[in-house]
Amino acid sequence: MSPLILKRGKDMNFINGSKAVHCSIALDGPSGAGKSTIAKAIAKDMNYLYLDTGAMYRAFGLYAIRNGIDFSGSWNDKGNEKALIALLDSFDLDVNYVDGLQRVYVCGEDYTDYIRTNEVSKAASAVAVISAVRLKMVELQRKIAAGINVVMDGRDIGTYVLPNATVKIFVTASPIARAKRRYKELLDKGDNSHTFEQVYNDMIERDKNDSTRSFAPLTRADDATLLDTTDLNLEESIEAVRSIILSRLGLK
Ligand code: DC
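Numbering (the numbering used here), first residue to last: 1319 to 1570.
Set out below in structure tokens:
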């Protein structure tokens, strides 16, 4: 991998000739497009903070499951909405970094290792529909990003969380390619409790849920560069994002 030419405190503080206080990179797109892995690598390269916003929705999804909310029914069970909003009062979320890796804490308990299951994926997508939930997450996301160089990935970063982000990229891939990656990820973790078909169907449902909600849905910002990673491996995807960043910053 060639080193990123951008240097913190040098090029990054002078964008288009004017002094920028900080630089923010927004990576949005559906699940399985590779955003998180790409964002993590780019942030490391550039010495930026990486914020995985999906982990925050996952943490609330798991908190809700642990507090007895049942997500096994229809995706947007209106019966759950009131109970979920009530739960927000006691939901004390904290994001921290251990050895450079993001960890999420709920009421002081580290949730990080428990939020990547299929069950939590569904819960996260379901809670993310609720405006009150999103507003709480977005407030914290903006607070974390304020005044620092950051790479943030999610669904609404370029459109809602950081509408003035320095660089916006919308990363996508075909549903089959994304489901294959997600399935492999689960198998690699030793979770073989789902068939490929289930993973694929869940992902399609989640895409639909994320992109049709009324508040801050998954959508490409008008000024975001589109990157399709269907035929790219991870290294190629990272290289493509790196190239877009350089070009968007006028450094290439
Ligand atoms: O990126 P992920 O798969 O970890 O995200 C989990 C869910 O959280 C996803 O289905 C939608 C929701 N989400 C969101 O609505 N907005 C974000 N900025 C990030 C995630």
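The beta-carbon is built from N, C-alpha and C at its ideal position, and this holds for glycine as well.
Exercise for the section: Taking V1445 as part of the alpha helix (DSSP H), name the residues at either end of that continuous run. Expected result: First-last of the alpha helix (DSSP H) with V1445: 1436-1445.
Practice task
Would you identify the three-state DSSP class for K1486, choosing helix, strand or coil?
Solution key: The three-state reading of DSSP puts K1486 in strand, counting E and B together.
Problem - Which residues DSSP lists as bridging M1470, in chain order - result: A1344, L1369, per the DSSP bridge assignment.
Practice task
Mind the definition here: the segment 1553-1566 touches the segment 1479-1496 only if three or more C-beta pairs lie below 8 Å; say whether that holds.
Solution key: Between the segment 1553-1566 and the segment 1479-1496 there are three or more inter-stretch CB-CB distances shorter than 8 Å, so the stretches are counted as touching.
Exercise for the section: Consult DSSP for R1496 and reduce its assignment to one of helix, strand or coil. Expected result: If DSSP states are grouped into helix, strand and coil, R1496 belongs with the helices.
Problem - Y1375 beta carbon near ligand 1 (any heavy atom closer than 7 Å) - result: At least one heavy atom of ligand 1 is nearer than 7 Å to the Cβ of Y1375, so yes.
Problem - G1568 versus G1379 - alpha carbon distance - result: About 40 Å.
Handout entry: Per DSSP, the bridge partner or partners of D1546
Key = DSSP, once it has assigned bridges, lists T1490 as partnering D1546.
Practice task
For the beta strand (DSSP E) holding L1536, just list the boundary residues, first then last.
Solution key: From DSSP, L1536 is part of no beta strand (DSSP E); its letter is neither H nor E.
Handout entry: Span of the alpha helix (DSSP H) around L1453
Key = Start and end: 1449-1463.
Handout entry: Of the residues V1424, G1391, G1372, the one placed nearest R1294, counting alpha carbons only
Key = Past the boundaries of the shown model lies residue 1294; the chain is included only from 1319 to 1570, so the question cannot be answered.
Practice task
Find out if the Cβ-Cβ distance for the pair A1351, Y1368 is shorter than 8 Å.
Solution key: In this structure, A1351 keeps its C-beta atom at 8 Å or more from the C-beta atom of Y1368.
Problem - Integer-rounded CB distance, given that F1533 should sit under 8 Å from A1444 - result: In fact, because the Cβ distance is near 14 Å, the residues do not count as touching under 8 Å.
Problem - Three-way DSSP call (helix, strand, coil) for Y1478 in this model - result: Correct three-state label for Y1478: helix.
Exercise for the section: Would you mind sorting R1460 into buried or exposed? The rule is 16 or more other CB atoms within 10 Å of its CB. Expected result: Answer is exposed; the Cβ neighbour count stays below 16.
Problem - Residue environment, D1474, which counts as buried when at least 16 other CB atoms sit within 10 Å - result: In this structure D1474 is buried. Its beta-carbon is surrounded by 16 or more other beta-carbon atoms within 10 angstroms.
Practice task
Locate the beta strand (DSSP E) running through N1385, then write down its first and last residues.
Solution key: That residue, N1385, is in no beta strand (DSSP E); it is neither H nor E in DSSP.
Exercise for the section: Classify S1555 as helix, strand or coil using the three-state DSSP reduction. Expected result: DSSP, read as helix, strand or coil, puts S1555 in helix.
Problem - As assigned by DSSP and simplified to three states, the class of L1406 - result: In the structure shown, L1406 falls within a helical segment according to DSSP collapsed to helix, strand and coil.
Practice task
Verify whether the separation of the beta carbon atoms of T1478 and A1497 is less than 8 Å.
Solution key: Per the sequence shown, the amino acid found at residue 1478 is Tyr instead of Thr. In terms of Cβ geometry, Y1478 and A1497 do not form a close pair [threshold 8 Å].
Practice task
Answer yes or no: do M1470 and A1464 have a C-beta to C-beta separation smaller than 8 Å?
Solution key: The answer is no: Cβ separation not under 8 Å.
Handout entry: Reduced DSSP secondary structure (H/G/I, E/B, other) of D1329
Key = Here D1329 scores only 43 on pLDDT, less than 50, and its place in the model is too uncertain to base an answer on.
Handout entry: In DSSP terms, what D1412 is bridged to
Key = Y1423, per the DSSP bridge assignment.
Problem - Same chain, Cβ closer than 8 Å to L1536, neighbours up to 5 away in sequence not counted - result: Here L1536 has D1346, G1347, P1348, R1473, D1474, D1525, D1528, S1529 as same chain residues with Cβ atoms under 8 Å from its own Cβ, once five neighbours each way along the sequence are excluded.
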